[in-house]
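Numbering (the working numbering), first residue to last: 8 to 155.
All residues carry an ideal CB built from backbone N, CA and C; glycine is no exception.
Remarks on the structure that follows.
Following this line, the structure appears as structure tokens:
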């Protein structure tokens, strides 16, 4: 029994201690592959650094051209909201801009738009009484000339 116990201990030790044949060769290939990967990563980082440096040198003249172009584009053309004060006497165009409908819209569309805007701007809900007056004036002007 003692002999079998010693041989089983020897087998266990042999399983862990035994080095497969050609393992040294596989490790060398693994080391070479890792070295190639590290070199490729290093070259990639260097390329990005030089490209960034080149871009920063180019940026100074481009920055001036970009800012000039941005100044030329009017901000009012980029916005869908009407910029400017109210006219002395409200026109159909201004009324339609206030309500967000076509100047030739029918009464149902005018009422729907008026209701939507008044819910948001009602003086009882914290809205401006002046804006509420202008919204009502726009509705009255458009409804007076609307067909339905």
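Which value, in whole angstroms, describes the spacing of the CA atoms of residue 35 and residue 42? 10 Å
Once the 5 residues before and after residue 108 are set aside, which same chain residues still bring their CB inside 8 Å of it? 116, 117, 120 and 149
Pair within 8 Å by beta-carbon distance, residue 125 and residue 102: no
Output yes or no for whether 8 Å exceeds the beta carbon distance between residue 128 and residue 142. yes
Rounded to the nearest angstrom, what separates residue 74 and residue 54 at their Cα positions? 29 Å
Would you tell me roughly how many angstroms separate the C-alpha atoms of residue 57 and residue 78, rounded to the nearest one? 32 Å
Just how far apart, CA to CA, sit residue 59 and residue 80? 29 Å
Go ahead and pull the three-state DSSP assignment for residue 49. helix
Where do the ends of the alpha helix (DSSP H) carrying residue 152 lie? 136-152
In whole angstroms, what separates the C-alpha of residue 62 from that of residue 49? 20 Å
Integer-rounded CB distance, given that residue 135 should sit under 8 Å from residue 99: With 8 Å as the limit, residue 99 and residue 135 do not qualify as a contact, their Cβ atoms being about 23 Å apart.
Closest Cα partner of residue 97 within the set 70, 37 and 146: 146
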